[in-house]
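Asks: Read left to right, the sequence shown gives residues 53 to 239 (the working numbering). We treat Cβ as the ideally placed atom computed from N, Cα and C, and that holds for glycine. Take a look at the following structure, please.
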Amino acid sequence: MPLSIALASALNWGVILHISVGLVAGAALVRIADGPGEVSPTALRQQQTAIEDHLLRAAESMPAQLYDDRPAAGVESLGELIVAVASMQMTRCAAALEDATPDGIDRSPSDKATATAALRRSFVYCRPAFDLLNDRNGSQLVGPASASQQPRINHLVEVVAHNSRAYGTLSAYLRLNHIAPPLNEGE
């Protein structure tokens, strides 16, 4: 286990992780609101495009040999986290697209090549869901009939919020390994 990960284990990892994730997710959600209770489809698309770039760059900047490392016992490895992001995106975007049978993401492999390929595939799959979103159909109830349906925009807001939290977590993983996260490169 790299020294930086061992040091993080000795610190209160949960507090560090929740603070960084909360700050990133909060900033993302503030940027997509037009006013109280309103979300702009255009701003939501822009936020997804930005977080897509940040997540891909973060995933690609971590060396392959660290994809199985865990910052602490019981915490997802980097590979597991990236695959979980891809899987969640596929599920939520399938609901927004009213697609009952999206190609699933295999959550078991966590090597760099497989995880980053799954992440890229989930972003490609999700783009039409964000492109479809507009002021008229955002409130349309969509999703699996077996579950409670939600407005289309809710599924996509959850994708952006989840991706923002995941970026915060990935940033912590990168910093623990002395790699600058994409938003902080050059500092």
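Any contact between the region 143-150 and the region 192-203? By contact I mean 3 or more CB pairs, one from each, below 8 Å.
Replies: These segments touch.
Asks: Between N215 and I103, which are expected to be in contact by the criterion C-beta below 8 Å, what is the C-beta distance as a whole number of angstroms?
Replies: Confirmed, Cβ separation roughly 4 Å.
Asks: What are the boundary residues of the alpha helix (DSSP H) that includes S139?
Replies: Start and end: L130 to L149.
Asks: Within 10 Å of its beta-carbon, does N206 have 16 or more other beta-carbons around it, so buried, or fewer, so exposed?
Replies: When all chains shown are included, N206 counts as buried.
Asks: Helix or strand or just coil, what does DSSP make of P123?
Replies: P123 falls in the coil class under three-state DSSP.
Asks: Taking the straight line between their C-alpha atoms, what separation do you get for R172 and G131?
Replies: Their Cα atoms are separated by approximately 14 Å.
Asks: Enumerated in chain order, which unbroken segments of the alpha helix (DSSP H) with a length of 4 residues or greater are wholly contained in the region 197-239?
Replies: Here the runs fully enclosed are 204-228.
Asks: What does a CB cutoff of less than 7 Å around A62 pick up in its chain, not counting 5 residues either side in sequence?
Replies: Confidence at A62 is low in this model, with a pLDDT of 41, below 50, so the placement of that residue should be treated as unreliable; the coordinate-derived value is given next. Closer than 7 Å at Cβ, skipping near neighbours: no residue.
Asks: Taking 7 Å as the threshold (C-beta atoms), are Y119 and K164 in contact?
Replies: In this structure, Y119 lies closer than 7 Å to K164 by Cβ.
Asks: For D105 and G126, I'd like the C-alpha separation in whole angstroms.
Replies: Rounded to whole angstroms, D105 to G126 spans 28 Å at the Cα level.
Asks: Could you check the C-alpha separation between A213 and M140 for me, to the nearest Å?
Replies: Each residue's alpha carbon lies about 11 Å from the other.
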